[in-house]
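In the UniProt record's numbering, the protein residues as written are 1 to 394.
C-beta atoms are modelled at their ideal positions from N, C-alpha and C, and glycine is treated no differently.
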Amino acid sequence: MQQAFRFRLYPSAMQIIKLRQNIGGARFMWNALVADEMVQYKADQNSPLPNGKKHKRLTYTQIKKLQGNEWLSKVDSLALANVSQKYRMARKRFFNWLNKRNGPKVGMPKLHKKWSSKWSYSTNNQPATADIYHGSIRLDATNKHLTLPKIGGIRVKLHRQLERDWHISTATVTEEKSGKWYITLLVEVGCIPEWPKTGSIIGVDLGLARFLTTSDFEIIKRVRFIKSAESKLKQAQRKLSRRRAMAKKLNKPLAQSKNYQKQRVLVARIHEKIKNQRLDFLNKISTRLVKNHDIIGYENLSPRNMRQNRKLAKAITDVGWTSFLLKLQYKAEWYGKKVIGVSAAYTTQMDYETGEVAAKPLNVRSYTNSIGSTVDRDLNAALNIRDRALATLQ
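What follows is the structure, encoded as structure tokens:
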């Protein structure tokens with residue numbers, strides 16, 4: 001089984017130059033493949049070849065050999081190969097969708113702009129069977145430096161010890177907008193021991209008033225991550241806007257405006273703190289649920305559609321339902337538990353005790369049913385979700 005581990009990197013000034021060269025090379029290769037596709041696709045439409053043949057597309061090795069691209073020889077070759085593979089997969093998804101026209105719309109791969117695209121690249125370990133202290137991606141004996149192709153040993157902070165017999169498959173290096181560097185290692189860890197069975201089966205109702213309510217009436221309050229930092233964020237963003245306006249007034253490119261760049265990093269670090277707080281919260285809750293329960297039912301929500309409501313869009317984005325459910329699913333798979341999605345239809349409107357269906361406005365948090373019981377809205381939904389999850393197993 002493979003697991004991903006993300007660690008902080010502390011590259012030197014010279015290593016930062018080399019890392020950015022790899023990132024720039026990966027972006028250049030992607031854009032070259034996209035640009036070539038645009039030209040050849042237009043040629044296929046305007047001057048088609050006989051017998052349904054297509055004009056040949058350039059490969060990444062051919063692009064490397066073009067005049068003016070000699071500098072790509074200094075870039076990690078596996079980073080360029082990974083870009084090519086990623087592009088081919090994206091292109092294939094687009095044409096599959098174009099031919100079938102079913103499922104969510106898939107767009108043609110687009111050009112990546114330098115300042116708006118993610119600054120990262122991926123490389124592979126050679127050989128893939130090497131342990132964590134051998135291969136092209138390896139730790140040193142002190143576990144304080146990580147060697148990468150074309151870069152050398154970079155200082156790394158391991159917040160978790162990796163086992164010697166594990167195998168590093170790939171490494172993705174990322175420079176965040178906050179200026180911090182991270183590496184994500186995809187590691188073959190073998191079999192993960194399953195957690196002990198508890199015999200517990202629950203349904204989980206996700207919400208905005210409460211983050212979640214379980215069918216055994218455990219309530220986890222929603223943490224308002226954006227709201228807690230909103231005042232500081234607004235102040236920092238206003239200052240960033242003023243510095244952008246000043247740079248524009250002086251006809252100075254933003255990349256050369258030191259005051260603008262300092263403030264941009266400050267804003268990015270506030271966003272990063274919000275993101276990290278949310279991830280920490282979601283990881284702790286998902287781990288606890290998977291550890292304490294064998295079967296967890298949840299309702300299949302559509303956050304993308306729900307965000308069309310402008311009044312709720314920010315709250316839905318902040319609460320992180322999609323990320324939480326993904327964590328539940330992969331942790332359950334790792335540790336031998338089950339997570340089951342059920343239809344969200346009438347989980348709230350149908351009374352658990354009587355089976356009666358009645359519309360309930362969002363402001364109604366509890367009600368009295370036809371047999372005189374006082375029912376909590378979220379607990380009622382969680383109980384219905386639990387029963388539907390159980391029904392799928394029978």
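Take Ser-323 and list the residues in its own chain whose beta-carbon comes closer than 8 Å to its own, dropping the five residues that flank it on each side. The beta carbon of Ser-323 lies closer than 8 Å to those of Arg-278, Leu-279 and Leu-282 in the same chain, with the five residues before and after it left out.
Sequence ranges, alpha helix (DSSP H) only - wholly within the region 309 to 356, length at least 4: Listed in chain order, the complete alpha helix (DSSP H) runs (minimum 4 residues) inside the region 309 to 356 are 313 to 319 and 321 to 335.
Put Val-267 into one of helix, strand or coil per three-state DSSP. The answer is helix: DSSP assigns Val-267 an H, G or I state.
Name the DSSP bridge partner or partners of Glu-299? Val-342
Lys-197 to Ala-32, Cα distance in whole Å? About 52 Å.
Going straight from the alpha carbon of Leu-212 to that of Cys-191, what length do you get? 31 Å
Run through DSSP, which three-state label would Gln-3 get? strand
Using DSSP with H/G/I as helix, E/B as strand and the rest coil, what is Asn-124? strand
If we count Cβ pairs, one from each stretch, closer than 8 Å, do we get three or more for the region 25 to 45 versus the region 172 to 181? no
Cα-Cα separation, His-145 to Phe-5: 15 Å
Quick one: which unbroken beta strand (DSSP E) runs of 3-plus residues sit fully inside the UniProt domain "Probable transposase IS891/IS1136/IS1341" (186 to 309)? Chain order, please. 201 to 206, 210 to 214, 219 to 221 and 295 to 299
Here's a check: name, in chain order, each residue in its chain whose Cβ is nearer than 7 Å to the Cβ of Gly-320, leaving out the five neighbours to either side. Correct list, in chain order: Arg-278 and Leu-282.
For Asn-22, which option in Lys-74, Gln-67, Asp-165 and Tyr-330 has the closest C-alpha, if you only look at C-alpha atoms? Lys-74
Going straight from the alpha carbon of Gln-2 to that of Leu-158, what length do you get? 18 Å
Looking only at its chain, what residues have a beta carbon closer than 8 Å to the beta carbon of Thr-374, apart from the 5 residues adjacent to it on each side? Ser-366, Tyr-367 and Thr-368
With distance defined between alpha-carbon atoms, name the residue in Leu-185, Asn-99, Ala-344 and Ser-117 nearest to residue 402. The shown model of the chain, from 1 to 394, leaves out residue 402, and the question about it has no answer.
Keeping to the same chain, check which residues put their C-beta closer than 7 Å to that of Ser-286; ignore five residues upstream and five downstream. Annotation for Ser-286: Phe-324, Lys-327, Leu-328 and Lys-331 place their beta carbon closer than 7 Å to its own, counting only its chain and skipping 5 residues before and after.
Inter-residue spacing [alpha-carbon to alpha-carbon] between Gln-15 and Ile-151: 6 Å
Cβ contact (3+ pairs, closer than 8 Å) linking the region 211 to 231 and the region 378 to 394: yes
Return the first residue and the last residue of the alpha helix (DSSP H) that Val-83 is part of. For Val-83, the enclosing alpha helix (DSSP H) has its first and last residue at 77 to 100.
Measure from the alpha carbon of Glu-70 to the alpha carbon of each residue in Gly-25, Pro-253, Lys-42 and Ala-128, then state which is nearest. The closest CA to that of Glu-70, considering only Gly-25, Pro-253, Lys-42 and Ala-128, is found on Gly-25.
Inter-residue CB distance, Pro-11 and Asp-76 (contact presumed, cutoff 8 Å): Not a contact, Cβ separation roughly 14 Å.
With distances taken Cα to Cα, identify the nearest neighbour of Val-223 among Leu-289, Asn-276 and Ala-130. Asn-276
Enclosing alpha helix (DSSP H) for Gly-25 [first to last residue]: 13 to 46
Put Thr-72 into one of helix, strand or coil per three-state DSSP. Sequence check: residue 72 is Leu here, not Thr. Helix, per DSSP.
Could you spell out where the beta strand (DSSP E) holding Thr-368 opens and where it closes? 366 to 368
Can you find the residues in the same chain that come closer than 8 Å, C-beta to C-beta, to Asn-300, ignoring five residues on each side of it along the sequence? If we look at Asn-300 and ignore the five residues flanking it on each side, its Cβ neighbours are Gly-341, Val-342, Ser-343 and Ala-344.
Quick check on the burial criterion: 16 or more other C-beta atoms within 10 angstroms. Buried or exposed for Met-89? Met-89 is exposed by the Cβ-count criterion.
Are the Cβ atoms of Met-29 and Tyr-60 separated by less than 7 Å? yes
Whole beta strand (DSSP E) runs in the region 140 to 167 with 3 or more residues, listed along the chain? 145 to 148 and 152 to 157
So, with DSSP's three-state summary, where would you put Ala-171? strand
Please name the residue or residues paired with Leu-9 in a DSSP beta bridge. Answer is Val-156 and Trp-181, bridged to Leu-9.
Measure the Cβ-Cβ separation of Ile-270 and Leu-240 and say whether it is below 7 Å. Judged by their CB atoms, Ile-270 and Leu-240 are not nearer to each other than the 7 Å cut-off.
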